[in-house]
Structures are given as structure tokens and as C-alpha cells.
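Chemist: This is the structure, below, for whatever I ask next.
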Amino acid sequence: MTELLQALTSAVPGLNIITDPDRIAQACTDWRKRYATTALAVVEPHTTAQVEALVRLCSQHGVAVCTQGGNTGLVGGAVPVADGAHATRPHVVLKTHRLRETLTLDEANLTLTASAGYTLHDIQEFAAAHGLLFPLSLASEGTCTLGGNLASNAGGVAVLRYGNTRELCLGLEFVNAQGERCGDLRGLRKNNTGYDLRHLLIGSEGTLGIITTACMKLYPAPNSRCVAWLHVRHIDAAVQALNHVQQHAFNELTSFEWMNAAAIELVQTHFPAKAPVGPSGCDHVLVEFSSLGSEDVLQERVTNVLGELMNLNPAVLNVTLAKNDKEAERLWALRENISEAQAKEGLNVKHDVACPVSRLPEFHHQALAAMDEAGLAMRPILFGHLGDGNLHFNLSAPRGTDAKAFLAQHQAALNDMVHTAIQACGGTVSAEHGIGQLKRDLLKEITASPNYRAFQAIKAALDPHNLFNPGKLVDY
Ligand code: FAD
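Just so you know, we're using my numbering here: the sequence shown kicks off at 25 and counts up by one.
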């Protein structure tokens, strides 16, 4: 396959081509270190024109293209496939971080247009420098890219108020399997002229084309924010609290995150931030409100709404308001460091499930009851975007046991219990992390066959020779 690398060198001037084995190995290892595969090279285009030329040459040489943004994805989508029919196919990893041709803003249209390689943090900062808000917000925002956010339809902590990446995108450009530029960046809020290719590409996880540029919605930056920490007796009380807050402060409610007692205990063991003092053994909720109005008015409104909640609901045990931004950040750090705290204790079983908010408690109780019945003594480290009906239902090995051995023995059964419970409650096995290679077989198993055939038909129409991310998401 050196012919491909020679052809890329001569036909795509300026393209970075990396063949150093250590750098290839690094690019072929996913964030969670579950997959370690290989590739012919890592290629780093600077422009969309280079992406077009590169795709044409890869297609001619039969070399698969695995697109990688920040490589923070959690389902093995950004590294070449490790098993199955396509594992032996030669791949290049197309790393997008140098794709930074465009970064512009249309203030009157409340949009920005950016190349796929900018990090989410770059884009938030660019909007903020113009007094505007790009509301997508994830713990990985310093590393993940706009292209990766779109390809995985990322969610995060402000979906409740602003929607996920799909809802924030007004248009995108991508390079198709023939090496042509497709899509549009007009930034239209209304446009009913045929199939909307944007929506096919969003959430396609690098299997249908390479997203190069996108036009995203902006919002006025809030003038005030108020962060509250609630101690609640159980998840049922958290859902009741959400309902109350939605009824009385819908316009101001921005984030509503729930954490069980074990998650907060764990994060406090590994990080300095401490949760507000409250009754022990209960669950926790972090709520953020924001508004275009003044700080005083927002504080007063939140104090009234949460005071009323405590009076009405005895299962809401305590409410603490952050006194300033620094304190608010400390509270957010507790939520955002849970995954890292869990990683410090070794491997664990991760789930990213969602169902209607009204059925979350039922799911939670059913899944834990199934594990209890099976006599599985694990540590449930449970947290997530409760306001979106989305929980990260993570299960750690009991303290003092060998996590690797625990996983080898029980992972399949634990997955089965969680997946059965979430589907029984009308939910999904992947709320925001996607399918990648981790859940490819599961997706096939649980998707109704007319729907799955439609997935395969879409893949066949857009990428007939399986150039992009073969062996991921859909079996084709
Ligand atoms: P990568 O990991 O590089 O790629 C992800 C997928 O997109 C792959 O299939 C890849 O092939 C494809 N891809 C990447 N770029 C392109 C492109 N330009 N064109 C076509 N396909 C492309 N996710 C959430 O949704 N919500 C969260 O709250 C959240 N929190 C996280 C917290 C941490 C600490 C970490 C590590 C991850 C978290 N994630 C979360 C997952 C991850 O950060 C997001 O999915 C993110 O959107 C991935 O962006 P990326 O640039 O790293 O993409």
C-alpha cells in the first residue's frame, strides 16, 4: 500500500502524512483504551480540497478512511475496526484537527460557520468573544471537535434548554465517497427543498462522509446564572423536583443533573471539591438556571421556586445555592469529574441509556433489582442528564476485587440486565455516545428489521464501497 502513500504525497501537496509507528499506534487507540488497532498512516488535511483529493485516492486504492476528531468518543468509532470482516482492510486515520480554514460569524443571523477541526472550546470562546453563546457543553470540550460533535450528535449538559448538536446545526458541508463536496452552509432556518442531507450526516459517526464545515446556531449570552445543589431522598424525588422546576421556571432552567450517593462519595475520594453538607446516604441534584435578566431577579426567583419545592416535597431534603461563579464551578466539578474518578479505580461497565423522564425511576429500580436477584455485588456509580431522561448507569467492581476479572465474568450479564430494563421502559441503549464498534452487534440485534434494512440502504446509497468507517454502526 505504499503506492497510496506515494500517490498522496505527489497528488495532495501540503497534506501531513504520518507513518511513525508510535504516532500511528496512538491514533489507533481509543479514549477508553478498549481498542488498539493499526493503520497505514495518519493523514492530516488542512483544507477541504485536500480531503476531496484524499478520498478519491483512498477509493481508487481500496483503502478505508477512519475519520478522527479529538478521539474522545466512547464507542470505538474514531479508531479502525478491531474485529469482524473489515478488520483486515487497510485503513488510514484521517485526523481533522488541522482543518481550520473557516471561522466566521453572522451576528444578524445568529450563526457561526466553522471548519470541523476546531475544538468545541475554540468555538465557545469565539462566540463568547462576540458576546454570544454557543451552548453545546461537554466535559471533553477542550479536546473534542465540531466535526466529532456533529458526527456523534453530541448531547451534554445544556440539551434541556438548547437541544443537542442536531438541533444546533443549520447546515453542513461534507465530502462524499466519490470525493465531492456536498451539503450547504447557507444558515437557513427554513428550507424545504428535498431530503435534508444534514440530518443524515449528523449522528452518522463517520460512516457516510467526512464533515468539513458547519453552520451552527448561536444564542444571546445569558446575563445571570444560578447554580443549586439539592439533596434528595431518591431518584423518584429528583424527577418530582424536575417537574416542579419545569412548571415554575421553565424558561430559566438550563441543566438538571442527577448523581447517586456512591458517585459523589467516589468523586470526593479522588478530587478536592466537596459537596454541600447535607443528610448522608441520599442522592444529589445539580440544577443550573440562567437568564437574560439581572442576577438579583434570577436569584430571587430560584430561591422562591426551590423553597416552595422543599415545602411541598419532604423527599427534597436540602437546597444550597452557589454564592458566586467560583462556588458554582466547584459544584460542576463534582459532576464532571465522576467519570475520571471512576477510571482511577480501574475498568468499569458503562451504560449510556435514556427513556422518557417519567419512566426513569422505574428503569432504575428494575435494573438494580435484576442485579440484586442475580446476587451481583457491584458498585452502581449512577449519574447523568436526568432532565433529558439520560443516565450514565456505570457499574464498578466491588472495592478490593480485581476489576478486570470482575468484568470478564459479569460484563455480559450486567449489560443484558441494563439493556432489558431500559427497553422495557421504552428507552434506548445509546442516548448520546452512539454505536461505533462497541454496540454494532447490539444495534443489529435490537433494531426492527425494516428499520435496520433502511440503515443498510442509506449506507449502500451514500457509501457503496464501504470506504468510510467499515465495520462500524451498521453491518454492511
Ligand atoms: P471522535 O471521538 O474523534 O469521533 C467520534 C465519531 O465521529 C467517530 O465515529 C468518528 O469517525 C466520527 N468523526 C469525527 N470527526 C468527524 C468528521 N469531521 N466527519 C465525519 N465523522 C467524524 N458525549 C456526549 O454526547 N455528551 C457528553 O456529555 C459527553 N461527555 C464526555 C465526557 C468525557 C470526559 C469524554 C471523554 C467524552 C464525552 N462524550 C460526551 C463523548 C465525546 O466527547 C463526544 O462524542 C464528542 O462529540 C466526540 O468528538 P470528537 O471530536 O472527539 O470525535
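Every residue gets a Cβ at the ideal spot worked out from N, C-alpha and C, and that includes glycine.
All values reported here derive from a predicted model rather than from experimental measurement.
Taking three-plus beta-carbon pairs below 8 angstroms as touching, is the stretch 315-331 in contact with the stretch 247-258?
Modeler: A contact exists between the stretch 315-331 and the stretch 247-258.
Chemist: Verify the contact flag: residue 71, CB atom, against every heavy atom of the ligand FAD, threshold strictly below 8 angstroms.
Modeler: Your numbering for residue 71 matches position 47 in the sequence shown. No, the Cβ of residue 71 stays beyond 8 angstroms of every heavy atom of the ligand FAD.
Chemist: May I have the straight-line CA-CA distance separating residue 117 from residue 309, to the nearest angstrom?
Modeler: Taking the first residue of the sequence shown as 1, we reach residue 117 at position 93. Taking the first residue of the sequence shown as 1, we reach residue 309 at position 285. Roughly 40 angstroms separates the two Cα atoms.
Chemist: So is the beta-carbon of residue 55 under 8 angstroms away from any non-hydrogen atom of the ligand FAD?
Modeler: Along the sequence shown, read from residue 1 onward, the residue named residue 55 stands at position 31. Yes, since a heavy atom of the ligand FAD falls inside the 8 angstroms radius drawn around the Cβ of residue 55.
Chemist: Counting Cβ pairs, one atom from each stretch, are 3 or more of them under 8 angstroms apart for the stretch 386-402 and the stretch 442-450?
Modeler: Segments in contact, yes.
Chemist: Would the C-beta of residue 228 count as close to the ligand FAD, meaning under 8 angstroms from any of its heavy atoms?
Modeler: Here residue 228 refers to the residue found at position 204 when the sequence shown is read from its first residue. True, at least one ligand heavy atom lies under 8 angstroms from that Cβ.
Chemist: If you reduce the DSSP assignment to three classes, tell me which class residue 255 lands in.
Modeler: Counting from one through the sequence shown, the residue named residue 255 turns up at place 231. Residue 255 falls in the strand class under three-state DSSP.
Chemist: Give me the residue from 305, 398, 298 and 380 with the minimum Cα distance to residue 351.
Modeler: Along the sequence shown, one-based indexing puts residue 351 at 327. Comparing Cα positions, the closest option is 298.
Chemist: May I ask which residues mark the beginning and end of the beta strand (DSSP E) holding residue 46?
Modeler: As a first step, residue 46 must be located in the sequence shown, where it is residue number 22. That residue, residue 46, is in no beta strand (DSSP E); its alpha helix (DSSP H) goes 45-51.
Chemist: Just tell me which of 149, 235, 224 and 95 has its CA closest to the CA of residue 128.
Modeler: As a first step, residue 128 must be located in the sequence shown, where it is residue number 104. The shortest Cα separation from residue 128 among 149, 235, 224 and 95 belongs to 149.
Chemist: Just how far apart, CA to CA, sit residue 260 and residue 164?
Modeler: By one-based count along the sequence shown, residue 260 stands at place 236. By one-based count along the sequence shown, residue 164 stands at place 140. Roughly 29 angstroms separates the two Cα atoms.
Chemist: For residue 288, I'd like the list of residues in its chain whose CB is within less than 7 angstroms of its CB, leaving aside the five on either flank, ordered along the chain.
Modeler: To locate residue 288, count along the sequence shown from 1; it is residue 264. Excluding sequence neighbours, residue 288 sits near 299, 308 and 358.
Chemist: Pop quiz: residue 491 and residue 83 are said to be a contact at Cβ under 8 angstroms. What is the actual Cβ separation, rounded to whole angstroms?
Modeler: Taking the sequence shown and counting its residues from 1, one reaches residue 491 at position 467. Taking the sequence shown and counting its residues from 1, one reaches residue 83 at position 59. At roughly 6 angstroms, the Cβ-Cβ gap stays under 8 angstroms, so residue 491 and residue 83 are in contact.
Chemist: According to DSSP, is residue 345 helix, strand or coil?
Modeler: Against the sequence shown, residue 345 aligns to sequence position 321. Strand, per DSSP.
Chemist: Taking the DSSP output, what are the residues bridged to residue 471?
Modeler: Residue mapping note: residue 471 aligns to position 447 of the sequence shown, counting from 1. DSSP lists no partner for residue 471.
Chemist: My assumption, with CB atoms under 8 angstroms, is that residue 192 sits in contact with residue 241. Please give the rounded CB distance.
Modeler: Sequence index remark: in the sequence shown, residue 192 carries index 168 (1-based). Sequence index remark: in the sequence shown, residue 241 carries index 217 (1-based). Indeed they touch by this definition, with Cβ atoms about 5 angstroms apart.
Chemist: My output table needs one value for residue 249: the three-state DSSP class, helix, strand or coil.
Modeler: Here residue 249 is taken as the residue at index 225 of the sequence shown, counted from 1. Residue state, collapsed to three classes: strand.
Chemist: Could you check whether the stretch 104-117 touches the stretch 467-480, counting it as contact only if at least three pairs of C-beta atoms, one from each stretch, sit closer than 8 angstroms?
Modeler: Segments in contact, no.
Chemist: For residue 416, which three-state DSSP category applies?
Modeler: If you number the sequence shown from 1, residue 416 lands on position 392. Three-state result, residue 416: strand.
Chemist: Leaving out five residues before and five after residue 326 in sequence, what residues of the same chain have Cβ atoms less than 6 angstroms from its Cβ?
Modeler: In the sequence shown, residue 326 corresponds to position 302, counting from 1. Around residue 326: 250 and 313.
Chemist: Helix, strand or coil: which one does DSSP assign to residue 454?
Modeler: Reading the sequence shown from its first residue, position 430 is the one you call residue 454. It is a strand residue.
Chemist: Report the residue ranges of all alpha helix (DSSP H) runs contained in full by the stretch 163-225; include only those spanning at least 4 residues, in chain order.
Modeler: 170-175, 183-186, 189-192 and 221-225, all fully within the stretch 163-225.
Chemist: Following the continuous beta strand (DSSP E) through residue 90, name the residue where it begins and the one where it ends.
Modeler: Here the question's residue 90 lines up with position 66 in the sequence shown. First-last of the beta strand (DSSP E) with residue 90: 88-92.
Chemist: Among the residues of its own chain, which have a CB less than 6 angstroms from the CB of residue 28, if the five just before and after it don't count?
Modeler: In the sequence shown, counting from the first residue as 1, residue 28 sits at position 4. These residues qualify, in order along the chain: 85 and 87.
Chemist: For the stretch 58-73 against the stretch 95-108, do three or more pairs of beta-carbon atoms, one drawn from each stretch, fall closer than 8 angstroms, so that the two count as touching?
Modeler: Yes, since at least three Cβ pairs between the stretch 58-73 and the stretch 95-108 fall closer than 8 angstroms, the two stretches touch.
Chemist: Can you tell which of 145, 119, 370 and 437 has its C-alpha closest to the C-alpha of residue 423?
Modeler: To locate residue 423, count along the sequence shown from 1; it is residue 399. The shortest C-alpha separation from residue 423 is found at 370.
Chemist: Let me make sure I understand the geometry here. Which of 316, 55, 93 and 417 has the alpha-carbon closest to that of residue 402?
Modeler: Position 378 of the sequence shown, counted from the first residue, corresponds to residue 402. Considering only alpha carbons, the answer is 417.
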